[in-house]
Structures are given as C-alpha cells and as structure tokens.
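Peer 1: One structure, as structure tokens, below. Some questions next.
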Ligand code: AGP
C-alpha cells in the first residue's frame, strides 16, 4: 500500500504535498518523492529519497521545488527494493510525463519487455514505470487523459495513479482500479489523494473516484470519465471525519481497520499467485524447482504470531506437500544443536523481516548449508536480503502492534507454497489440488461473512471482558489457532491467557476450570470435532464459562453453551483462516472494553529488533 497526493491551484505545491504525505505515512514509508511543474518553461523537477518522509523534507529544505502543480508519493515497496531509483514519481524517457502509483501491475514484465524492444529506457525495477512509458507511447497528438486511458487498458492488476505533464501543465490526472483514490475540491484549487487525511486540512469536499474512472483536474474544476471516455457526473460529498479518524478510515483503531482489510488482502494475494485455476506462480527471487524437489524436510523458524502461522504450516506441509516439517521459535532454534543440512529447507516467517532472533536463526541455518525461504511483508527488509527466496504477503503496512492481517496473509502464503511444493513434487493428485485451490479462493468471501457479524462478536466479548483469565483450546490444525487467540488477548488486554491443545486438558489445565474463567473452544467442523465436544462437556460440568467457535448450522454446540460464534462451513484444512477473525475481534473488543491502548499496548513494540 502506498500514499499518493496531487495538487493543482494557485498556492506553492511543495508544502501542501509534503504535509499530505506525512498524513499518509501509515500507508508506507520506505521511500518518497515529489515532482512539481516549474512555472519557468513548464519543466518537471523531481526530488526523491529512500527512507521516511523526513528524509524527503530535509532534501526539499536544501533543494526546494517551486511551482503550484505537483504530485508526490510515499512508498510501500512491492517490486524493487526501497532505493532512490525505485522511489516514485517515475518519468518517461524525455521527462515530459511523471506518474505516481499505488497498486500492483501483474503483467508488468511482459509490458516492459515490449517497451524495451521499442526503445524505451527504464531507470527502475518497479512495476510502476511501465505505466508512464505506455502513456508516453500513446501521447502523440492526443490529450494526456486519452493517452492515460489507452495505457490503462493494457495493464492488469491494481492501480491508483496521478499523472502530470509539462506539455499540458494546466492538468492533473488521476485514475483508479482496485486501489483507492479521491479528489479534494477546493476554492480555485483541487487535490488528488489515496486517502482523505492527506487533504482534509484544505477541503472536506471529497469525490470518491470509482473503479476504472479517470479524473482530469484543473485549478477551477474537474471532469470524470470511464475507461471508454464516457463522461460521468459525480458531485462532491462533505466528509465529517477529522484527520485522525480518516487515517483509520473511520475505524476506531488501526487494529480494527486491519482486521477488516483481511478479505481484500488475501483475495489479492491468491489472485496474484493463482490468476488461473491450478497455475501456481512463484517467480520473483525464488530458489529453483529442482532444489525444492530435492529437499527432505522443512524447518520453520519464527516468533510470536508468525510462529503460530508456521505451526499451522506444519499441518499443511505434511498434509498437502507430504514433507516432514519441524518448527521452533527463533530464540530456541538459534541456540539448538541443529541437525539440518543442504537437504533442509528453512522457512523463516516474519511480518517485519527485522526480528533479531529470526535473523540469527536464518544465519545459523545458512552456515549449516540449509536453503532459506522467507515469508515476509516488508520488501527489502533484512530477512528478505538474507534469504534464497522470498514469498511476500503484500498485506501493506501493519500499524497495530497486534498482528492480524499479516497473520492470515502468512497463512495464505503457506497454503500457496504448500500447493506449489505438492505440485512440483507430484505429491498430490491434480484433482485434489484443483479442489483445494477452489476452496482457498472461497475463503475471502467467507471471511467477509464473518465480518458482517462483528456486532454480535463484540457483544459476546463484552460479556466476558470482566473475567480474570482465559484458556483457549483447539485441536489439530486449530491448535495453533488456540495459541494465536491467547496471544492476541494477552498482548492487548493484559489478561492472563494461555492456548492449549485440547487433548492436553486432562493433563493439568482442567484443574483451572471454574466459573471465574472463560474457556474459548475452537470447535469448527473437523475430524476431531467430537473430541472437542467432549472437552466442552467436561468444562461445562465444572461450570467453566465457554465461548465456542463453531461451524454455521451446528446447533449441537448451541445446546452445550449459549455463547457461540459461528464461522461459515469450509474444508477443515482452511479453518484457521476463518477462526482467526473471531479470535482477533474477541481480543479487540475485550481490550477496548477494558480501556487498554489497543494499537500500542504497553511494553510491546511492532518489531523486536533486539534479542
Ligand atoms: C503478534 O501480535 C506480536 N506483535 C508479535 O508476537 C509478533 O508476531 C512477533 O514479534 C514476530 O514479529 P515478526 O513477524 O515481525 O517477525
């Protein structure tokens, strides 16, 4: 996810654009840049810098941009490391057109190949740059917006763009498909932005650009058309939000926003990898299929929530890819007598890519000859640069300290990788693989159904927020879900909570059960469902307060406990992707009820970069 701002009016653009970027920094902050049309000769002048927006601000202090039309961008890298060259804006060959982009162009390689053949010179590794060269290709004797329209018809994937040209300096163009873009309508000035916070300080009159719409803004007006050039009438809406609310898009906390982003993020990740049924694509920076065919075992190394994703992965790799899989938390892995070698694939999972223990584990593994693949959310992070291959989760910046969208994105990356391994190692019948892919593709919709029940889940949460401790029980592929649910609760509500394999209850935890403790039982439909029901009966007979997570239509559970949160039916292998949402919402609403700092809980940091 990146942040885009554009301005056209009578005031100096630089400070308006910079202030707008600062308001969008939560969308991405690994590099940034700005271009302004200089009034003298209408030339385009660009300033870019890797690092946070402050680095760009410092650069502009010494090398200011003077002009009243411009675009700016803060980046969350998806293709190409966060370097100066890859920072946006990107220009055409003659520096007459400049563009910023938020999204992923899925067919950029084939487009780039063709443009290179036609003599276009590229200066970055980004997918974005193909768009501005495509516009250049068509921008011959037609208006800029028509050249933009022609170019956008050739790209597939998601985009929100802003474009300016020295040849038509009185225009600021925006367009979107799959990524958000809004117009801010001021007095003799207009704005474009990824999100309202960037421009709320100047105007609350907002036009929300729709899918496949193109806007042409001048100082005194705007025109909107569709990709076919048909004119559309869209009146500005008055936005009631203040800036703080708008950064969270109206959600009370980033964590709640990120919980609600999950269906879209995992749908995008699945489609990025499997655009057509049973074709699974792992291209960028990947170790060869030959090597993956030869590995004898997988060893997963991760911390916290990433460890729980890896634990689900153990069940998935062994069930789908038929590869023996071990796992350990990074802080233990790095000090163990590791019996790994060149036949081992180490899978390092980390949202930030900067967790010290995981990095140390990976370095140890490489010394022993193991190949390392990482599942990571931050392009260019240390872990990605020390791995033989990387599977990016493309979840966008996760601002809440408690990991939510990154967790389910890690799970999807694991399912996709397991499918890929199973396929290249002939470990699965094609019919079963097709069935599993179809089942995975239904998950975003099923997650969306769960999110429609948030109010009911909030009510269950609040009814139990006074209890002094929680026990989370799950079995098989949802045993890690129990661990993850407990971690979510303890880290944002400070209530003692522990996750346990339900089969272990009689080996100790049952002594804890009484009417003062909540027991969250994950009883979604599965081959161990009856065993979970027995656990629930044992807890009920000791007056434990049970919250069950069950599959829609399961009335049996309702008779055993009044507090049931239902999830849609699905193949049990994928149920961790569904039960994660009620567990996240349970923790969130209990934390809010207890007045805790949900997004920045005490004692914690988003990334543990020290031992
Ligand atoms: C999860 O909610 C926590 N914030 C924490 O356990 C986190 O998962 C852990 O620190 C690992 O971080 P990483 O994924 O960036 O390596």
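Residue numbers (the numbering used here): 1 to 611. Think of the CB as a built atom: it goes at the ideal place given N, C-alpha and C, for glycine as much as any other residue.
Is the beta carbon of residue 511 closer than 8 Å to that of residue 498?
Peer 2: Residue mapping note: residue 498 aligns to position 498 of the chain shown, counting from 1. Residue mapping note: residue 511 aligns to position 511 of the chain shown, counting from 1. Cβ distance not < 8 Å, so residue 498 and residue 511 don't count as in contact.
Peer 1: Pick from 344, 264, 606 and 325: whose alpha carbon is nearest that of residue 442?
Peer 2: Taking the first residue of the chain shown as position 1, residue 442 is located at position 442. Of 344, 264, 606 and 325, the residue nearest in Cα terms is 264.
Peer 1: Flag residue 608 as yes when its Cβ comes closer than 7 Å to any non-hydrogen atom of the ligand AGP, and as no otherwise.
Peer 2: If you number the chain shown from 1, residue 608 lands on position 608. Because some heavy atom of the ligand AGP lies under 7 Å away, the Cβ of residue 608 counts as near it: yes.
Peer 1: With a 10 Å radius around its C-beta and 16 neighbouring C-beta atoms as the bar for buried, classify residue 233 as buried or exposed.
Peer 2: Locating residue 233 in the chain shown gives position 233, counting from the first residue. Flag for residue 233 reads exposed.
Peer 1: Tell me the residue span of the beta strand (DSSP E) that contains residue 101.
Peer 2: As a position in the chain shown, residue 101 is number 101, starting the count at 1. Per DSSP, residue 101 belongs to the beta strand (DSSP E) from 97 to 102.
Peer 1: In angstroms, rounded to a whole number, what distance separates the CA positions of residue 85 and residue 581?
Peer 2: Residue 85 sits at position 85 when you count from the first residue of the chain shown. Residue 581 sits at position 581 when you count from the first residue of the chain shown. Going by the C-alpha atoms only, they are around 39 Å apart.
Peer 1: What whole-angstrom Cβ distance do residue 88 and residue 75 have, given they're in contact under 8 Å?
Peer 2: Taking the first residue of the chain shown as 1, we reach residue 88 at position 88. Taking the first residue of the chain shown as 1, we reach residue 75 at position 75. Indeed, because the Cβ distance is near 6 Å, the residues count as touching under 8 Å.
Peer 1: Evaluate residue 488 with the Cβ neighbour count: other Cβ atoms within 10 Å of its Cβ, from every protein chain shown; 16 or more gives buried, anything less gives exposed.
Peer 2: Walking along the chain shown from the start, residue 488 turns up at place 488. By the neighbour-count rule (16 or more Cβ atoms within 10 Å), residue 488 is buried.
Peer 1: When the Cα of residue 589 is compared with those of 165, 25, 457 and 361, which residue comes out closest?
Peer 2: In the chain shown, the residue the question calls residue 589 occupies position 589. Of the listed residues, the one whose Cα sits closest to residue 589 is 457.
Peer 1: What beta strand (DSSP E) runs, 3 residues minimum, are completely inside the region 122 to 146?
Peer 2: Runs of the beta strand (DSSP E) inside the region 122 to 146: none found.
Peer 1: State yes or no: is the C-beta of residue 580 nearer than 7 Å to some heavy atom of the ligand AGP?
Peer 2: Looking up residue 580 in the chain shown gives position 580. For the ligand AGP, not one heavy atom lies less than 7 Å from the Cβ of residue 580.
Peer 1: Using a Cβ-Cβ cut-off of 7 Å (strictly less than) and excluding sequence neighbours within five positions of residue 59, which residues of its own chain qualify?
Peer 2: By 1-based counting over the chain shown, the position of residue 59 is 59. Taken in chain order, the residues that qualify are 47 and 49.
Peer 1: Nearest by alpha-carbon distance to residue 417: which of 433, 222, 63 and 125 is it?
Peer 2: The residue labelled residue 417 in the question sits at position 417 within the chain shown. Closest by alpha carbon: 433.
Peer 1: Where residue 551 and residue 401 are concerned, what is the direct C-alpha to C-alpha distance, given to the nearest angstrom?
Peer 2: In the chain shown, counting from the first residue as 1, residue 551 sits at position 551. In the chain shown, counting from the first residue as 1, residue 401 sits at position 401. Using only the alpha carbons, I get a separation of about 29 Å.
Peer 1: So is residue 62 buried or exposed if we call it buried at 16+ other beta carbons inside 10 Å?
Peer 2: Taking the chain shown and counting its residues from 1, one reaches residue 62 at position 62. The residue is exposed, with fewer than 16 neighbouring Cβ atoms inside 10 Å.
Peer 1: For the ligand AGP, I want to know if residue 351 counts as a neighbour, meaning its beta carbon is within less than 7 Å of at least one of the ligand's heavy atoms.
Peer 2: The residue you call residue 351 lines up with position 351 of the chain shown. Because some heavy atom of the ligand AGP lies under 7 Å away, the Cβ of residue 351 counts as near it: yes.
Peer 1: Taking only heavy atoms of the ligand AGP into account, decide whether any of them is closer than 7 Å to the Cβ of residue 402.
Peer 2: In the chain shown, counting from the first residue as 1, residue 402 sits at position 402. Yes - the ligand AGP has a heavy atom lying nearer than 7 Å to the Cβ of residue 402.
Peer 1: Hey, would you say residue 412 sits closer than 8 Å to residue 269, going by beta carbons?
Peer 2: In the chain shown, counting from the first residue as 1, residue 412 sits at position 412. In the chain shown, counting from the first residue as 1, residue 269 sits at position 269. Yes. Within cutoff.
Peer 1: So, under 8 Å CB-CB, residue 421 and residue 321 are touching, yes? Tell me the CB distance rounded to an integer number of Å.
Peer 2: Residue numbering aside, residue 421 sits at position 421 when the chain shown is read from its first letter. Residue numbering aside, residue 321 sits at position 321 when the chain shown is read from its first letter. Right, the Cβ-Cβ distance comes to about 4 Å (below 8 Å), so this counts as a contact.
Peer 1: Are there any heavy atoms of the ligand AGP lying less than 7 Å away from the beta-carbon of residue 310, as far as the coordinates show?
Peer 2: Against the chain shown, residue 310 aligns to sequence position 310. The answer is no for residue 310.
Peer 1: Under 8 Å, do residue 519 and residue 473 count as touching if we go by C-beta distance?
Peer 2: On the chain shown, position 519 is the one that residue 519 refers to. On the chain shown, position 473 is the one that residue 473 refers to. Yes. Within cutoff.
Peer 1: DSSP puts residue 48 in a beta bridge; with which residues?
Peer 2: Position 48 of the chain shown holds residue 48. Answer by DSSP bridge pairing, in chain order: 33.
Peer 1: Rank 181, 207 and 202 by C-alpha distance to the C-alpha of residue 195 and give the top, closest one.
Peer 2: As a working mapping, residue 195 is identified with position 195 in the chain shown. When only C-alpha atoms are compared, the closest one is 181.
Peer 1: Of the choices 303, 344, 330 and 387, whose alpha-carbon is the least far from that of residue 323?
Peer 2: Reading the chain shown from its first residue, position 323 is the one you call residue 323. Closest by alpha carbon: 344.
Peer 1: At a cut-off of 7 Å, is residue 80 close to the ligand AGP when judged by its beta-carbon and the heavy atoms of the ligand?
Peer 2: Taking the first residue of the chain shown as position 1, residue 80 is located at position 80. Incorrect: residue 80 has no Cβ contact closer than 7 Å to the ligand AGP.
Peer 1: CB-CB under 7 Å to residue 188, same chain, minus the five flanking residues each way: which ones, in chain order?
Peer 2: The count along the chain shown starts at 1 and reaches residue 188 at position 188. Taken in chain order, the residues that qualify are 9, 10, 219 and 220.
Peer 1: Please state if the CB of residue 73 and the CB of residue 126 are separated by a distance shorter than 8 Å.
Peer 2: Taking the first residue of the chain shown as 1, we reach residue 126 at position 126. Taking the first residue of the chain shown as 1, we reach residue 73 at position 73. Their beta carbons are not under 8 Å apart, which means residue 126 does not touch residue 73 by this criterion.
Peer 1: Can you round the beta-carbon distance between residue 501 and residue 475 to whole angstroms, since I take them to be within the 8 Å contact cut?
Peer 2: Your numbering for residue 501 matches position 501 in the chain shown. Your numbering for residue 475 matches position 475 in the chain shown. Correct: roughly 7 Å between the Cβ atoms.
Peer 1: What residue does the beta strand (DSSP E) around residue 329 start on, and which one ends it?
Peer 2: Along the chain shown, read from residue 1 onward, the residue named residue 329 stands at position 329. Counting along the chain, the beta strand (DSSP E) containing residue 329 begins and ends at 325 to 329.
Peer 1: Do residue 484 and residue 583 have their beta-carbon atoms positioned less than 8 Å apart in this structure?
Peer 2: The sequence position of residue 583 within the chain shown is 583, counting from 1. The sequence position of residue 484 within the chain shown is 484, counting from 1. Yes, they are a contact pair.
Peer 1: Comparing the CB of residue 491 with every heavy atom of the ligand AGP, is any distance shorter than 7 Å?
Peer 2: The count along the chain shown starts at 1 and reaches residue 491 at position 491. Yes, the Cβ of residue 491 comes within 7 Å of a heavy atom of the ligand AGP.
Peer 1: Candidates 353, 328 and 25: which alpha carbon is nearest residue 307's?
Peer 2: For the purposes of this step, residue 307 is taken as the residue at position 307 of the chain shown. Closest option to residue 307, Cα to Cα, is 328.
Peer 1: Cβ-heavy atom distance between residue 203 and the ligand AGP below 7 Å?
Peer 2: Looking up residue 203 in the chain shown gives position 203. Outside the cutoff, so no.
Peer 1: Compute every distance between the C-beta of residue 596 and the non-hydrogen atoms of the ligand AGP, then say whether any falls below 7 Å.
Peer 2: To locate residue 596, count along the chain shown from 1; it is residue 596. No, Cβ of residue 596 sits at least 7 Å from all heavy atoms of the ligand AGP.
Peer 1: Terminal residues of the continuous beta strand (DSSP E) containing residue 226?
Peer 2: For the purposes of this step, residue 226 is taken as the residue at position 226 of the chain shown. Taken as a continuous stretch (DSSP letters only), the beta strand (DSSP E) holding residue 226 covers 221 to 226.
Peer 1: Compare the C-alpha of residue 239 against each of 249, 161 and 31 and name the closest.
Peer 2: Numbered from its first residue, the chain shown carries residue 239 at position 239. The shortest C-alpha separation from residue 239 is found at 249.
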